[in-house]
Amino acid sequence: MNRNLIHIYTGSGSKKTNAAVGLTIRALSHGLKVGFVYFNKDLNERGYEEFELMKSMGVEVKGFAEKHQDFQKEVDRDKIRREFTEGLNFVKDMFNQSFDLIVLDEIIIAVQDGFLKGEEILELLDNKPPETELILTGLEATDALIDRADLVSRVEKVK
């Protein structure tokens with residue numbers, strides 16, 4: 004049985020999402036079914052036109068907890084927590100839909116900011132279908148996440 008990998012793109016450098024988008028496009032070019040779930044990205048404020056492009060190419064793109072405490076003055080932390088939980092449940096539903104690749108963009112920050120517990124992410128990874136590859140992105144993955152992943156890339160700003 005083929006066991007697909009769990010990838011993590013983490014670190015203080017930028018372009019972790021770009022790496023995930025690139026892998027999404029590459030998977031599409033091989034005829035794979037891809038889902039891209041993003042967190043803490045307000046498309047109305049920053050654009051992220053690549054998400055619309057991916058949708059037009061057949062990727063299921065869905066966002067949760069689009070507001071973030073570092074970028075908006077009035078943020079209801081309980082609401083954000085509920086939205087992260089909705090996102091996790093959405094991904095669990097995706098596990099039943101034969102996706103070859105699912106990206107969880109900026110999911111790692113949910114643990115760092117206290118919106119999700121590390122155990123919730125680890126449980127999600129434990130329940131991943133063997134035929135589904137997962138990519139997680141975000142600042143500073145925990146040691147437990149790094150230990151669970153098959154491939155970890157640390158993105159650091161050099162210059």
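In terms of this note's numbering, the sequence shown has 118 at position 115, counting the first letter as 1, and numbering is strictly consecutive. Note that CB positions come from ideal geometry on N, CA and C, so glycine has one too. Everything numeric in this text was worked out from a predicted model, so none of it was measured.
Asked, Found
"Can you list, in chain order, the residues of its chain with a C-beta nearer than 8 Å to that of residue 125? Leave out the 5 residues immediately preceding and following it.", "147, 148, 151"
"Taking the C-alpha atoms as reference points, what is the distance between residue 96 and residue 90?", "10 Å"
"Would you mind stating whether residue 158 and residue 138 have Cβ atoms separated by less than 8 Å?", "no"
"Considering Cα atoms alone, identify which of 98, 84, 120 is closest to residue 145.", "120"
"Under three-state DSSP, which class holds residue 144?", "coil"
"Residues in the same chain with beta-carbon distance under 8 Å from residue 93, minus the five sequence neighbours each way, listed in chain order, please.", "40, 65, 67"
"Quick one: what's residue 157 bridged to in DSSP?", "13"
"Got a sec? Which residues, its chain only, sit under 8 Å from residue 58 by beta carbon, not counting five neighbours each side?", "64"
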